[in-house]
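Going by the numbering used here, the sequence shown wraps up at 86, each residue one higher than the last.
In what follows, a structure is listed as structure tokens, so that the remarks can point back to it.
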Amino acid sequence: MKWRLDWHSKRQVLFLVLGVIALVMIAGAGAAWVTRNQTLCSDGKPPVAQRAGILGQGLYRCHNGQIVTTPG
Numbered sequence: 015m016k017w018r019l020d021w022h023s024k025r026q027v028l029f030l031v032l033g034v035i036a037l038v039m040i041a042g043a044g045a046a047w048v049t050r051n052q053t054l055c056s057d058g059k060p061p062v063a064q065r066a067g068i069l070g071q072g073l074y075r076c077h078n079g080q081i082v083t084t085p086g
């Protein structure tokens, strides 16, 4: 059985769009779950302050005084 999408059928196109949105949401939730224990600071706490660096880099100051730079 060959399944073809009829681009003129609003119902089929709507289900296709909803399916793609659902897959993207599930992938985002999975990525958040996998990286839930990774932090910028070595002490495991969230940064105290942040500011924009040069060329889109992020500069973060941790509780212990450490400065962490992330790529832009």
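Quick reminder that beta carbons are idealized off the backbone N, C-alpha and C, glycines included.
Predicted model only: the values in this text are computed from it and were never measured.
Pull up the distance between the alpha-carbon of residue i and that of residue j, whole angstroms please.
| i | j | result |
| --- | --- | --- |
| V48 | G42 | 10 Å |
| L28 | W21 | 10 Å |
| Q64 | R50 | 20 Å |
| G33 | A66 | 37 Å |
| W17 | Q26 | 11 Å |
| T83 | T53 | 13 Å |
Give the C-beta separation of residue i and residue j to the nearest angstrom, bearing in mind that I take them to be a contact with Cβ-Cβ under 8 Å.
| i | j | result |
| --- | --- | --- |
| L37 | L30 | 11 Å between Cβ atoms; not a contact. |
Taking residue i as part of the alpha helix (DSSP H), name the residues at either end of that continuous run.
| i | result |
| --- | --- |
| V48 | K24 to V48 |
Which two residues bound the contiguous beta strand (DSSP E) that contains residue i?
| i | result |
| --- | --- |
| V82 | I81 to T84 |
| R65 | A63 to A66 |
| L73 | G72 to R75 |
Do residue j and residue i count as a contact pair if the criterion is CB distance below 8 Å?
| i | j | result |
| --- | --- | --- |
| P85 | Q71 | yes |
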